[in-house]
Amino acid sequence: MGIKFLNPCTPGTRQRSVSDFSEIKYTLRPVPLKPTAGLDLPKEEDGASQNAFLSSSAGPFRSFRSAGAGTGAAARIAAGYGGKQRIKGNKREKSLTSYYQRAKGRNNRGIITCRHRGGGHKRLYREIDFRRDKIGVPAKVVSIQYDPNRNARICLLRYLDGEKRYILHPRGLNVGEIIMSDLNAPVLVGNSLPLRQIPLGAEIHNVEFQPGSGGQLARAAGSLVQILAKEGNFVTVRLPSKEIRLISKNCWATIGQVGNVEAYSLKIGKAGRSRWLGIRPTVRGSAMNPVDHPHGGGEGRSPIGHKRPLTPWGRPALGKLTRKPKKFSNVFIIRKRK
1119 MGIKFLNPCT PGTRQRSVSD FSEIKYTLRP VPLKPTAGLD LPKEEDGASQ
1169 NAFLSSSAGP FRSFRSAGAG TGAAARIAAG YGGKQRIKGN KREKSLTSYY
1219 QRAKGRNNRG IITCRHRGGG HKRLYREIDF RRDKIGVPAK VVSIQYDPNR
1269 NARICLLRYL DGEKRYILHP RGLNVGEIIM SDLNAPVLVG NSLPLRQIPL
1319 GAEIHNVEFQ PGSGGQLARA AGSLVQILAK EGNFVTVRLP SKEIRLISKN
1369 CWATIGQVGN VEAYSLKIGK AGRSRWLGIR PTVRGSAMNP VDHPHGGGEG
1419 RSPIGHKRPL TPWGRPALGK LTRKPKKFSN VFIIRKRK
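Numbering (the numbering used here), first residue to last: 1119 to 1456.
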């Protein structure tokens, strides 16, 4: 495989390489549109409607499958890791983007409530469909795009009725494939089903806490939830934090793992890149004055002067449990997170 090394002296590109993927062979495999319950189409127009939907100009109808499994950069891109080669040139959907005022760590009075936040590049918010409430209506993946508001990639969907929505990009979902949300939808990557319809051992993401609340669990890049057991009205799941808890069987979830699993392997490379992301510097407490931090003061490189590390407000830090011991949701937790 040919590897092209970028100029190591260029800022922000040190220790990076890109692949031309010359040795990968792809096969074109169209994904047929399967009839589903709740899709009200005239019987005599089913074929024509489906063909028009699949051949529309909203996006290429393709599903690329790698001819051979591998572990290199080309195989990762082919498997749907959401690299730059896949999302380059895909423009945002203007009807689904809007401007919003970022808090930048301040409250309504301008007081800093969360340190180390501020600045950063301007962003437009992409409205993500976490509910997946278009039941029984198939949708085609038009494009895979970059979202500046999260580390996961997003997919632009075009439904059979013409509506467009953004969802989180599941790992392995390619442009042109058909997905849907339905009670009896097949257990395939990208489909949304209730937990009671998903088999044991399946990997899911975008899981609801309460029925109808929209997905709240496992939405970051590479995260997943695994179904362990079903009993009564609850399903036992393992969360990304290794916590094992009970969730209502009527909650909905999306099949598969969130894409861009290598997001946490990315090296920031320089301080300026953190500032682009809106992250301000973190100053050590021992480098401050006593008026600013409990660790401050002293001559030279002095110890912190306490039995244990403390927060800037004098509370115990690094290991102190902060969850309330009598929280109502404790009855649903089988094993605490690690």
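Glycine included, each C-beta is placed from N, C-alpha and C at the ideal position.
Computed from a predicted model, the values in this text were never measured in an experiment.
Of the listed residues the options, nearest to residue i (C-alpha basis)
i, options, result
"G1390", "Y1382, P1399, S1383 and L1384", "P1399"
"S1404", "G1416, A1221 and G1396", "G1416"
"L1311", "P1408, G1432, T1372 and R1419", "T1372"
"S1299", "K1209, I1422 and N1309", "N1309"
"G1340", "V1376, A1320, E1211 and I1316", "V1376"
"N1302", "I1316, L1291 and R1289", "I1316"
"R1356", "L1342, S1366, S1383 and E1349", "L1342"
"S1216", "G1238, N1208 and I1246", "I1246"
"G1498", "Q1334, A1221, F1446 and K1360", "Residue coverage of the chain in this structure runs from 1119 to 1456, which leaves residue 1498 outside it and unanswerable."
"R1210", "S1420, R1337 and P1266", "P1266"
"L1242", "F1352, N1225, R1227 and Q1219", "Q1219"
"N1378", "H1239, N1226, K1240 and A1270", "A1270"
"K1367", "I1272, K1444, N1351 and H1239", "N1351"
Sequence-distant residues of its chain with Cβ nearer than 7 Å to residue i (five each side left out)
i, result
"R1249", "G1332"
"F1450", "R1363 and L1364"
Other residues of its chain near residue i: CB distance less than 8 Å, five sequence neighbours each side excluded
i, result
"A1435", "R1426, P1427, L1428 and T1429"
"H1234", "G1223, I1397, R1398, P1399 and T1400"
"L1306", "I1297 and I1373"
"I1452", "T1354, I1362, R1363 and L1364"
"I1422", "G1403, S1404, P1412, H1413 and L1428"
"D1251", "S1299"
Pairwise C-alpha distance: residue j and residue i
i, j, result
"P1115", "I1253", "The displayed coordinates of the chain run from 1119 to 1456. Any statement about residue 1115 would go beyond what the structure contains."
"S1392", "I1386", "7 Å"
"R1289", "Q1263", "13 Å"
"L1146", "N1292", "Note that L1146 scores a pLDDT of 33, beneath 50, so its modelled location is shaky; the value from the coordinates is reported in the next line. The straight-line gap from Cα to Cα measures roughly 12 Å."
"S1213", "E1281", "11 Å"
"A1320", "I1230", "42 Å"
"K1388", "D1279", "46 Å"
"A1347", "L1318", "6 Å"
"S1447", "N1324", "20 Å"
"P1408", "H1287", "48 Å"
"I1345", "S1420", "50 Å"
"R1283", "A1338", "19 Å"
6 Å Cβ shell around residue i - same chain, five flanking residues per side excluded
i, result
"C1369", "L1313, E1326 and P1329"
"M1406", "G1414"
Enclosing beta strand (DSSP E) for residue i [first to last residue]
i, result
"E1321", "E1321 to H1323"
"I1452", "I1451 to R1453"
"S1310", "S1310 to P1312"
"T1440", "Element bounds for T1440: n/a, residue is neither H nor E."
"F1352", "F1352 to R1356"
Quiz prompt | Length-filtered (3 minimum) beta strand (DSSP E) runs lying within the segment 1369-1433 | solution = The segment 1369-1433 contains these whole beta strand (DSSP E) runs: 1370-1373.
Quiz item: Taking the runs of the beta strand (DSSP E) that are 3 residues or longer, which of them lie wholly in the segment 1234-1287?
Solution: The qualifying runs are 1257-1263, 1272-1277 and 1282-1286.
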